[in-house]
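Counting with mature numbering (1 follows the signal peptide of the UniProt record, and there is no 0), you get residues -16 to -1, 1 to 124 for the letters of the sequence shown.
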Amino acid sequence: MRTPFTLLAFASLLSASPLVELDERQQPPSNVKYIRPVIAPAGQRLNAAISRDSLDHISNGLPLILQVPSPGNGVKLKVWDCYDVPQQRWHVHDGKIGLAGHNLCMDTTDGLAVHGTVLQIWQCYDGNQNQQFAISGSMQ
């Protein structure tokens, strides 16, 4: 049985890429919420857990944002330049992080919760442990 995992902070996922030149990136829109997620076993005590039912963008404070290239099951998440577009908007509700305007949730690929696992989006299902996350840490 797979252990459910908790999303605590994305620091390594949202690090700057050497392939993108800093002067070519836009500044994030004013409605960006900055969080730092990390995958950790569920049940771990969360300090300063954030219980918000919505957020717009997921970033680490750099002008890069978590984006879905196109909506659909199995599409891998990417770090991208920050634009105010629908594929960069997210909502949080009942432990799921969903793509705004779609019934698609952030999901661990193949149910793997190990270092290097790429996050994807998949149709939201109640009780799907691959889609259960909790956000903790600073959010501005």
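Cβ coordinates follow ideal geometry from the N, Cα and C atoms, glycine included.
What does DSSP give as the partner residue(s) for residue i in the beta ladder?
i    : result
C108 : C108 pairs with nothing; no bridge assigned.
H75  : G82
L103 : T92
Q51  : K62
Would you tell me roughly how many angstroms separate the C-alpha atoms of residue i and residue j, rounded to the nearest one?
i      : j   : result
R(-15) : T92 : Residue placement at R(-15) is flagged as unreliable, the pLDDT there being 33, under the threshold of 50; the coordinate-derived value follows with that caveat. Cα-Cα distance, rounded: 12 Å.
D68    : W74 : 12 Å
What does the Cβ neighbour count give for residue i, buried or exposed, with the cut at 16 atoms within 10 Å?
i    : result
Q116 : buried
V52  : buried
V63  : buried
A102 : Sequence inspection shows Val at residue 102; the Ala mentioned does not correspond to that position. With fewer than 16 Cβ atoms within 10 Å of its Cβ, V102 is classed as exposed.
V76  : buried
If I follow the unbroken beta strand (DSSP E) through residue i, where does it start and stop?
i   : result
D91 : 88 to 92
D65 : 62 to 65
Leaving out the 5 sequence neighbours to the left and right, which residues in its chain are closer than 7 Å to residue i when beta-carbon positions are compared?
i    : result
Q104 : G58, V59, K60, L61, D91, T93
L88  : P55, G82, I105, W106, Q107, C108
R36  : Note that R36 scores a pLDDT of 45, beneath 50, so its modelled location is shaky; the value from the coordinates is reported in the next line. These residues qualify, in order along the chain: V76.
G27  : In this predicted model, G27 has a pLDDT of only 43, less than 50, meaning its place in the structure is not dependable; the value taken from the coordinates is given anyway. Hits under 7 Å: none found.
Less than 6 Å between C-beta atoms, sequence neighbours within five positions excluded: which residues of the same chain meet that for residue i?
i    : result
P13  : Reliability of the predicted coordinates at P13 is poor, the pLDDT of 48 falling under 50, and the value obtained from them is presented with this limitation in mind. Taken in chain order, the residues that qualify are D68.
D110 : none
Tell me which residues share the same chain as residue i and place their Cβ nearer than 8 Å to its Cβ, disregarding the 5 neighbours each side in the sequence.
i   : result
M80 : According to the sequence displayed, residue 80 carries Lys and not Met. Contacts found: C89, M90, C108, Q115, Q116, F117.
G85 : P70, R73
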